[in-house]
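Below you'll find the structure, written out as structure tokens, and then a few comments.
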Amino acid sequence: MAPPSGHPPPTTGLLGEGVEVPLVPLAQETCRRYQAEFPDERERYGDAGTAWCVHDNQHLLFWGAGAVDGWVDMDREVSWLADVLAARGFPLDRLARNLDLAAEVVLEEVSTELGRLWAGVLAAAATSVRLRLRAGHKPG
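For the sequence shown, our numbering gives the first residue as 2, with consecutive numbering after it.
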């Protein structure tokens, strides 16, 4: 697996009236927790997998922050990512768990009402992925 290339992921998210939140530390902590739960990923994907984990989480966190402010359709974005990952053989139950972990990290690190809303958006996205799995959704 090659590391991420092309357009870099966002490094900050905006909450409310221009409150900038650094996304990289939140994404890194989410990935640390994810890899602790799924150590087989390190063997399967190596360093590139870690880079992709942080990359994708920066996008997920950015979309979640945008959804709090109403300018991002989180369901649409997560559905798109789920389709991409499923087409590559990535287990979507792990995407759902990753979103749970991201919600936990945001709840712990962004201790404001907007942080709680942001965590709620991420948790709802995890539920949405699980519902897709139960419905037998196929990519595309």
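By construction, the Cβ of each residue, glycine as well, lies at the ideal position given by its N, Cα and C atoms.
For clarity, every value in this text was computed on a predicted model and none was experimentally measured.
Counting along the chain, the unbroken beta strand (DSSP E) around Glu21 starts and ends at 20 to 23. Counting other Cβ atoms within 10 Å of its Cβ, Glu30 reaches 16 or more and is therefore classed as buried.
DSSP, read as helix, strand or coil, puts Gly121 in helix.
Under the criterion of beta carbons closer than 8 Å, Leu93 and Leu134 qualify as touching, at roughly 6 Å.
If you check the CB distance, Ala87 and Ala104 do not come in under 8 Å. When secondary structure is reduced to three states using DSSP, Thr113 falls in the coil class, being assigned neither helix nor strand. Between the stretch 37 to 57 and the stretch 104 to 116, the count of Cβ pairs shorter than 8 Å is below three; the stretches do not touch.
As the crow flies, the alpha-carbon of Pro5 is around 22 Å from that of Val22.
The closest CA to that of Leu108, considering only Arg98, Trp119, Asn99, is found on Trp119. For the 8 Å CB-CB criterion, Arg43 and Leu102 do not form a contact. One alpha carbon belongs to Trp64, the other to Pro10, and they sit about 11 Å apart. For Gly137, same chain residues with a beta-carbon under 8 Å away, outside a window of 5 residues either side, do not exist.
Residues of the same chain with a CB within less than 6 Å of the CB of Ala68, apart from the 5 flanking positions on each side, are Met75, Val122 in chain order.
Within its own chain, the residues whose Cβ lies closer than 6 Å to the Cβ of Leu100, once the five positions on either side in sequence are excluded, are Leu123, Ala126, Ala127, listed in chain order.
Scanning the stretch 37 to 122 from its first residue to its last, no whole beta strand (DSSP E) run of 3-plus residues comes out.
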